[in-house]
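In this text, residue positions in the sequence shown follow our numbering: the first is 72, and each later residue adds one. The C-beta atom is built at its ideal place from N, Cα and C for all residues, glycine as well. In what follows, a single structure is set out as structure tokens and then discussed.
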Amino acid sequence: MGEVDVKKSALLREAYRQHRAGVSLRKLEALTGIPHSTLSRRFKEISVLEDPPPHERLERAFKTRRIKDYWPLWLSILLFLLAALHSLGKWP
């Protein structure tokens, strides 16, 4: 019985990864034989365990340089704010 649970758990995790990659629940239902309502409920449980919280996602984005690659945007925003402060007389 335990071996079946392990196989089903592995199957659910693989189906969850495929769903995150864009495969629909109906297609996964056809592939796995598990009803889509059960898949949806199990995916919510798996997402709590596997998906990192928002602050960890932000840290991961910085580590992979996705946010750092937007330095021209950050620089233009900073220059715009400085120009606005200068025009208001709040900045020399």
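| query | If you scan the segment 82–124 from start to end, which runs of the alpha helix (DSSP H) of 4 or more residues do you find wholly inside it? | reply | 96–103, 107–121, all fully within the segment 82–124.
| said: I'd like to know if the segment 138–148 and the segment 114–122 are in contact, where contact means that at least 3 CB-CB pairs between them fall below 8 Å. | reply: Using a C-beta cut-off of 8 Å, the segment 138–148 makes no contact with the segment 114–122, since fewer than three inter-stretch Cβ pairs fall below that distance.
| Classification of LEU153 by the beta-carbon crowding that lies within 10 angstroms, buried from 16 upward | The sequence position of residue 153 within the sequence shown is 82, counting from 1. Burial call: exposed.
| field | C-beta atoms of LEU82 and THR109 nearer than 9 Å | value | Counted from its first residue, the sequence shown places residue 82 at position 11. Counted from its first residue, the sequence shown places residue 109 at position 38. At a Cβ-Cβ threshold of 9 Å, LEU82 and THR109 do not count as neighbours.
| message | Beta-carbon within less than 8 Å of HIS90's beta-carbon, same chain only, minus the 5 sequence neighbours each way: which residues are those? | response | Working through the sequence shown from its first residue, we reach residue 90 at position 19. So the list reads LEU96, LEU99, LEU110, PHE114, once near-sequence residues are dropped.
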